[in-house]
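Each residue of the sequence shown is one higher than the one before, starting from 1 at the first, in full-length UniProt numbering.
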Amino acid sequence: MEEILIIDDSQQICSMLAEYILPELGYTSVIANTGRQGLQRLRQRLPDLILLDLQLPDISGLDLLRLIAQEGYDVPVILMTAHGSEGIAVEAFRLGARNYMIKPFSETEAQAVIDQALRERRLRREKEQLTRNLQQRVKELTVLYSIGQSVSALLDLEELLERIVEAAVYITRAEEGFLLLRDPNADELYLRAAKNLGEQRAQRMRMPIEDTLALAQLNTRNVAIEIIFTPDHALPQVLCNADQLRQVFLNLVLNAIDAMADGGTLTVRTTAGQNVALIEIEDTGVGIPPDIRAHLFEPFFTNKPNGTGLGLSISAHIVTQHNGQIEVESSEGAGSTFRVVLPYEP
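Shown next as structure tokens:
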């Protein structure tokens, strides 16, 4: 069972998380009320996730994030704060935070953010295991190649490469050639597998979008919303930070769901443009009035009773960092379409 470390001096927040939200999701928890206690708990036993308050009695959440990074702990962190700002959120992401929650947060919001972080951790662990399996397979086939070369030279490098790629596809279900590269100068094979999701790498948009839609299903359980995903299978890979784009897509999808309180259709499509990838998220909700649409991406601007006004602002910031654009088209009563435009190589 996955364990979550809660570092917060608020008894109310700790109680809500440890006694209600986390048990309902099937997770156990450990509580620390100060940064010092949290660091001690972390050193004693590595949790699967950390929920970290920004304002602690003895140290700030950002400073504790720095200590966690300096000591080399590989554990996702979600920041909790009642004093959120775009600057703090961006700095937290730079220090390794996976996401953030603004207090007071609802049970649904907490469940979605926590499940997303743990899902990404499970995927990362699975990738690491698949990479280890593939490395072993490379060693085995390289030995076979060496033996065959010395005996009869019947197995050339191209055939070896083909066999290894077939093994990689079988083990990881990846696209051919994605995991294996050849050094033409040294005439050697070398492995390049996706281990660190925080780095920019070539990424097919389908995977982060499918992860986002799977998570969004949690928010549609009580609303009759049909989700349609139309991927362009010819879409080239985009050099990007997959974790950050998942956050962008999740913000846009959850906003679309919020706009369809009485049900509707959520359509997500990808299209290959001229040197760019187009990702469109379309809803059949209430639409956005022009006066609100003009301020959508401004920090702290929101028309939701419990909104923070940071989701779209941070999403726009992330897209801009990828040298992309985010656009919106909307008609009152006829729904909205958010369009993310990303160059293949920013």
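C-beta atoms are modelled at their ideal positions from N, C-alpha and C, and glycine is treated no differently.
The model shown is predicted, which means the values in this text are computed figures rather than measured ones.
Contact under 8 Å by Cβ, residue i with residue j
i	j	result
isoleucine 318	glutamine 244	yes
arginine 98	proline 76	yes
proline 208	arginine 269	no
valine 113	methionine 101	yes
leucine 278	valine 328	no
leucine 56	threonine 34	yes
leucine 235	phenylalanine 338	no
glycine 335	aspartate 262	no
leucine 64	glycine 96	no
threonine 302	phenylalanine 249	no
alanine 92	leucine 67	no
CA-to-CA distance, residue j to residue i, given in whole angstroms
i	j	result
threonine 237	leucine 342	Sequence inspection shows glutamine at residue 237; the threonine mentioned does not correspond to that position. Their backbone Cα atoms lie some 11 Å apart in a straight line.
serine 331	aspartate 258	16 Å
glutamine 274	leucine 49	40 Å
glycine 38	glutamate 298	35 Å
leucine 5	alanine 272	42 Å
serine 29	isoleucine 21	10 Å
glutamate 280	arginine 41	43 Å
serine 10	glycine 72	27 Å
leucine 239	glycine 324	12 Å
aspartate 232	valine 340	15 Å
serine 106	leucine 130	36 Å
arginine 173	lysine 127	Legend: pLDDT at arginine 173 = 45, less than 50; position of this residue unreliable, value from coordinates given subsequently. Spanning the two alpha carbons is a distance of roughly 11 Å.
proline 104	threonine 265	29 Å
threonine 108	proline 23	14 Å
aspartate 115	glutamate 2	11 Å
Residue i classed as buried or exposed, judged by whether at least 16 other C-beta atoms fall within 10 angstroms
i	result
serine 315	buried
isoleucine 228	exposed
serine 15	exposed
threonine 320	exposed
methionine 260	buried
methionine 80	buried
aspartate 8	buried
alanine 82	exposed
threonine 230	exposed
glycine 26	exposed
isoleucine 242	At residue 242 the sequence reads alanine, which differs from the isoleucine that was named. Result: buried.
glycine 285	buried
glycine 333	exposed
alanine 110	buried
- Task: Just list the beta strand (DSSP E) runs in the region 223 to 279, keeping only unbroken ones of 3 residues or longer that don't cross its boundaries, in chain order.
- Result: 225 to 230, 238 to 240 and 264 to 272
- Item | Three CB pairs or more closer than 8 Å across the region 32 to 47 and the region 110 to 122 | Touching, no, given that fewer than three Cβ pairs across the two stretches are closer than 8 Å.
- What beta strand (DSSP E) runs, 3 residues minimum, are completely inside the region 59 to 130? Entirely contained in the region 59 to 130, the beta strand (DSSP E) runs reaching 3 residues are, in chain order, 77 to 81 and 97 to 102.
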